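Accompanying notes for the structure given below.
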Ligand SMILES: Nc1ncnc2c1ncn2[C@@H]1O[C@H](COP(=O)(O)OP(=O)(O)OP(=O)(O)O)[C@@H](O)[C@H]1O
Ligand SMILES: [Mg+2]
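Residue numbers (the working numbering), protein chains in the order written: chain D, 1 to 262; chain Y, 263 to 524.
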């Protein structure tokens, strides 16, 4: 019985506010005659036809594939570079000013330049996503690697734990809470850039679809696209939370143990 | 086995010089159990880190097994003062103990046997699958000791391992360390600020002064090899020896009080 109640409470906590917001939207927009702000009822009505056809495979899927590719590449680059920079003070001293410079450039500003260099294909879009996602991952990894416990550094030295074993069981694990923080920030950056990279000179994708709806004054469809984006965000963040709960189970446990002992 | 000659260590950093050790000379024979006793902050940890090849001396020599130390020597293990922090919180107890063996490329089956044997030796066979943060301080300390035993070191250095546990646990751990030493026959250097503990455990006690640190006395402990918390500690010889050590430390304190520190 108690399990049922806590289960119910969790469901309510999860969907309660979204339902309230949707209801507010529904009633507030019910009598709307502004073309750009159609009633929610109309938005929901066009939703299935707009998204459950070819658009799913021709626009949503390509977008998600580019996001995945860009995000994964950013993860690899960010973690590898972050470990290299975080492990060596010399490297850090050399690289830090350049990093500050590069980080200050907003990735959307790179879009026109990348078009010129890499053409208007998928490569450019993926590069834009990488250019945005890599920074939170890189900088957090550097922090995490710098913050390794000196006692554990001595432990590894004493017990000859070195090379790949040290990287795998010590450095990456120790930095994993920060790496996950960076990865979470990068995920939301990635979704934004996925759309932005498709707004110009594009032939498919969510951003492209948005642009189409806008130029054709299909406002209900446009709004339904906003819902799609929101849903993608929710699903990806749930997925992320699942992975994180696996990777950082020890971290949560340790923190809980510290709290109770204080 | 261990040999330290005119050892001096000055920390130099942030515009401040700290002379942690002034002039230390002593040696430890193979298979011997030696305690180094000295007041808080006299440089005991510094001495162990020098012996473990984790830092370099300012002057003087450190020899382990006849070779000058220039990095962590083979076959030497350390149980660190911050034992809790020396265990990796993302690894289970078993994996923590196993890690140095993996680094040594010990075959899997042998690894499992060593881990099991050493955990059993410290009475933690049941805790193998726990995470370190799920254990009490005294248990964590025993895990650190088990890890050192499993490594099968020829030289084992211990840094005030029992400073942070209650009196009863401490007595148990003292007997554990004695029995481990008798069973595995390694050369043992045990650092403590506790005079009673040093006399109870060792065959020889090296008494350090407070800073600027020198060796005050190298004292043989002629107590029977079989020691017992009640019997040994109440024996006339024990009381005599501890009285003597206490007097030395006290004398040194008064002397350093009149000679100004440079
Ligand atoms: N990395 C360091 N940099 C600068 N000074 C240091 C460093 N490590 C230790 N010291 C200084 O050297 C002196 C000896 O320190 P050490 O930790 O060796 O003493 P200890 O005998 O182990 O003390 P305790 O009993 O508190 O563990 C102290 O004055 C300390 O402040
Ligand atoms: Mg110390």
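From the three backbone atoms N, C-alpha and C, an ideal C-beta is built for every residue, glycine too.
Bear in mind that the values here come from a model prediction, so they are computed numbers and not experimental data.
For a contact meaning CB atoms closer than 9 angstroms, what does residue i contact in chain Y?
{"i": "residue 253 of chain D", "result": "351, 393, 395 and 396"}
{"i": "residue 169 of chain D", "result": "350, 352, 353, 357, 361 and 364"}
Just checking residue i against ligand 2 - is the residue's beta carbon closer than 6 angstroms to any of the ligand's heavy atoms?
{"i": "residue 343 of chain Y", "result": "yes"}
When the Cα of residue i is compared with those of the options, which residue comes out closest?
{"i": "residue 339 of chain Y", "options": "Y:475, Y:469, Y:450 and Y:488", "result": "Y:450"}
{"i": "residue 126 of chain D", "options": "D:105, D:168 and D:71", "result": "D:71"}
{"i": "residue 430 of chain Y", "options": "Y:416, Y:444 and Y:401", "result": "Y:401"}
{"i": "residue 515 of chain Y", "options": "Y:472, Y:483, Y:444 and Y:299", "result": "Y:472"}
{"i": "residue 137 of chain D", "options": "D:48, D:203 and D:86", "result": "D:86"}
{"i": "residue 26 of chain D", "options": "D:39, D:35 and D:15", "result": "D:39"}
{"i": "residue 475 of chain Y", "options": "Y:272, Y:263 and Y:265", "result": "Y:272"}
{"i": "residue 315 of chain Y", "options": "Y:325, Y:354 and Y:321", "result": "Y:325"}
{"i": "residue 419 of chain Y", "options": "Y:439, Y:397, Y:484 and Y:434", "result": "Y:439"}
{"i": "residue 380 of chain Y", "options": "Y:423, Y:413 and Y:399", "result": "Y:413"}
{"i": "residue 265 of chain Y", "options": "Y:398, Y:365 and Y:310", "result": "Y:310"}
{"i": "residue 111 of chain D", "options": "D:132, D:95 and D:99", "result": "D:132"}
{"i": "residue 234 of chain D", "options": "D:15, D:7, D:8 and D:107", "result": "D:15"}
{"i": "residue 456 of chain Y", "options": "Y:480, Y:497, Y:437 and Y:508", "result": "Y:508"}
{"i": "residue 165 of chain D", "options": "Y:281, Y:302, Y:286 and Y:364", "result": "Y:364"}
{"i": "residue 145 of chain D", "options": "D:185, D:157, D:168 and D:121", "result": "D:168"}
{"i": "residue 56 of chain D", "options": "D:209, D:244, D:258 and D:219", "result": "D:209"}
{"i": "residue 481 of chain Y", "options": "Y:467, Y:346 and Y:312", "result": "Y:467"}
{"i": "residue 36 of chain D", "options": "D:62, D:213 and D:84", "result": "D:213"}
{"i": "residue 42 of chain D", "options": "D:30, D:51 and D:52", "result": "D:30"}
{"i": "residue 306 of chain Y", "options": "Y:421, Y:384, Y:267 and Y:334", "result": "Y:421"}
{"i": "residue 495 of chain Y", "options": "Y:392, Y:398, Y:437 and Y:383", "result": "Y:437"}
{"i": "residue 140 of chain D", "options": "D:83, D:152, D:158 and D:129", "result": "D:83"}
{"i": "residue 460 of chain Y", "options": "Y:366, Y:300 and Y:313", "result": "Y:300"}
Check the Cβ of residue i against every Cβ in chain D and list those closer than 8 angstroms, keeping chain order.
{"i": "residue 348 of chain Y", "result": "151, 152, 154 and 155"}
{"i": "residue 316 of chain Y", "result": "154, 157 and 158"}
{"i": "residue 339 of chain Y", "result": "158 and 159"}
Between residue i and chain Y, is the shortest Cβ-Cβ distance under 7 angstroms, so that the two count as touching?
{"i": "residue 250 of chain D", "result": "yes"}
{"i": "residue 172 of chain D", "result": "no"}
{"i": "residue 257 of chain D", "result": "yes"}
{"i": "residue 3 of chain D", "result": "no"}
{"i": "residue 148 of chain D", "result": "no"}
Say whether chain D places a C-beta atom closer than 7 angstroms to the C-beta of residue i.
{"i": "residue 509 of chain Y", "result": "no"}
{"i": "residue 415 of chain Y", "result": "no"}
{"i": "residue 344 of chain Y", "result": "yes"}
{"i": "residue 539 of chain Y", "result": "There is simply no residue 539 of chain Y to check, as chain Y begins at 263 and stops at 524 in what is shown."}
{"i": "residue 330 of chain Y", "result": "no"}
{"i": "residue 334 of chain Y", "result": "yes"}
{"i": "residue 282 of chain Y", "result": "no"}
Assuming residue i contacts residue j under a Cβ cut-off of 8 angstroms, what Cβ separation, rounded to an integer in Å, is found between them?
{"i": "residue 361 of chain Y", "j": "residue 142 of chain D", "result": "The Cβ separation is near 25 angstroms, so there is no contact."}
{"i": "residue 254 of chain D", "j": "residue 395 of chain Y", "result": "4 angstroms"}
{"i": "residue 483 of chain Y", "j": "residue 502 of chain Y", "result": "Contact flag wrong, Cβ pair sits at about 11 angstroms."}
{"i": "residue 410 of chain Y", "j": "residue 355 of chain Y", "result": "In fact, because the Cβ distance is near 14 angstroms, the residues do not count as touching under 8 angstroms."}
Let me check you understand the geometry: is the CB of residue i closer than 6 angstroms to at least one non-hydrogen atom of ligand 1?
{"i": "residue 276 of chain Y", "result": "no"}
{"i": "residue 455 of chain Y", "result": "yes"}
{"i": "residue 514 of chain Y", "result": "no"}
{"i": "residue 273 of chain Y", "result": "yes"}
{"i": "residue 304 of chain Y", "result": "yes"}
{"i": "residue 280 of chain Y", "result": "yes"}
Just checking residue i against ligand 3 - is the residue's beta carbon closer than 6 angstroms to any of the ligand's heavy atoms?
{"i": "residue 307 of chain Y", "result": "Ligand 3 is not part of this structure, which contains only ligand 1 and ligand 2."}
Output, in chain order, the set of chain Y residues within a Cβ distance shorter than 8 angstroms of residue i.
{"i": "residue 164 of chain D", "result": "Simply none; closest approach about 11 angstroms."}
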